[in-house]
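Written below as C-alpha cells is the structure these notes are about.
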Amino acid sequence: MSILRHVVASYRGSNDCTGWHMCQNTKCESARKDTERFIIRCVQAQAFGAELEAIERKHDLPRDSRILDLSPLIDDKGLLRVGGRLNKLKSTGLSSLNPVIVPNGHVAVLLVRFIHNKVFHQGRTITEGAVRSHGYWILGAKKLVSSIIHGCVVCRKLRRMPQEQKMADLPVDRLTPGPPFSSVGLDVFGPWPVVT
Ligand SMILES: [Zn+2]
Ligand SMILES: [Zn+2]
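Numbering-wise (this note's numbering), the sequence shown opens with residue 19 and increments by one.
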C-alpha cells in the first residue's frame, strides 16, 4: 500500500519521483505509519460516515450509532478515537489512552492476526489486551479474537490433546484354548554363530 500510494503521488507530480517504480522512500517508518493511518481512515469513513460528519459539525451523534458509548473524538490526523475522561492529561501520546476505533471487517481481522502472532499465539485475553495496548479499539473484539484463535493452525496444533492408538484384534492362537506349548512365541536376538 505504501508503494502504491507513492506511485499515485508520483503520477500526480506531488513528489520528486516519476512513474512506476519501487521506491526506498516508502520503506521508512513515517511512510508506513502514514499508510496505516490512511487505511484506517478509509475503513472508518466507510463504517462511520455519519458519525464523522456529526463530530466535524459539532452535532450530536446519531442515536443508533454503534460507537455512541465510546464518546468518540477526531484527532489532528483525522482518525476517529475513543474519548474518555483523560483529555487533560498531557504527558503521554494518544495511542493507548484514546485508542483508534477500528470497525469489524477485513482490516480488523488482519490487525488481530498480526498482533496474535506478535504475542506468540497467546490465548484470547492476552491477545485482546495486546490489541488494546497497540492502540486499537476493535468493535466486537472479543468475538473476533476468539474466532481467529479458533481458526489459527499454530494454536490448534499447540492446544491439541495427544491422540491414542487403538489396539488391533488379538490373534486366533491367543483366543482358542489348547494344550500347553502348542503355539509358542520366541524373542530371538543375536549374534547367532552358524557352524557348517
Ligand atoms: Zn519514489
Ligand atoms: Zn495462534
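Where is the CB? At the ideal position from N, CA and C, for every residue including glycine. Being a predicted model, the structure only gives us computed values, none of them experimental.
Contacts around residue i, its chain only, beta-carbon distance under 7 Å, and the 5 residues preceding and following it disregarded
i: residue 78; result: 72
i: residue 239; result: No statement about residue 239 is possible, as the shown extent of the chain runs from 19 to 214 and does not include it.
i: residue 95; result: 55
Proximal residues to residue i (C-beta, below 8 Å), its chain only, five neighbours per side dropped
i: residue 21; result: 40, 41 and 44
i: residue 125; result: 57, 58 and 61
Length of the line joining the Cα atoms of residue i and residue j
i: residue 105; j: residue 175; result: 44 Å
i: residue 141; j: residue 187; result: 41 Å
i: residue 88; j: residue 143; result: 21 Å
i: residue 193; j: residue 212; result: 36 Å
i: residue 47; j: residue 23; result: 15 Å
i: residue 190; j: residue 167; result: 48 Å
i: residue 81; j: residue 31; result: 43 Å
i: residue 198; j: residue 206; result: 20 Å
i: residue 54; j: residue 129; result: 11 Å
i: residue 102; j: residue 116; result: 7 Å
i: residue 131; j: residue 145; result: 9 Å
i: residue 92; j: residue 25; result: 28 Å
i: residue 172; j: residue 163; result: 15 Å
i: residue 159; j: residue 185; result: 45 Å
i: residue 209; j: residue 203; result: 19 Å
i: residue 183; j: residue 83; result: 55 Å
i: residue 75; j: residue 98; result: 14 Å
i: residue 179; j: residue 127; result: 27 Å
Other residues of its chain near residue i: CB distance less than 6 Å, five sequence neighbours each side excluded
i: residue 33; result: 27
i: residue 148; result: 133 and 137
i: residue 29; result: none
i: residue 155; result: 100, 117 and 119
Beta carbon proximity, residue i to chain D, threshold 8 Å
i: residue 134; result: Any reference to chain D falls outside this structure, which holds one protein chain only.
Counting only runs of 3+ residues fully inside the stretch 132-180, write out the beta strand (DSSP E) ranges in chain order.
Counting only runs of 3 or more, we get 154-156.
Which runs of the alpha helix (DSSP H) at least 4 residues long sit entirely within the stretch 49-77? Give them in chain order.
As summarised for the stretch 49-77, the continuous alpha helix (DSSP H) elements at least 4 residues long and confined to that stretch are 67-74, given in chain order.
Near ligand 2, which residues have their beta-carbon less than 6 Å from any of its heavy atoms, given in chain order?
Every residue whose Cβ sits closer than 6 Å to any heavy atom of ligand 2 is listed here in chain order: 134, 139, 167, 170, 172 and 173.
Is there contact between the stretch 58-70 and the stretch 117-135, where contact requires at least three CB pairs shorter than 8 Å?
Touching, per the Cβ criterion.
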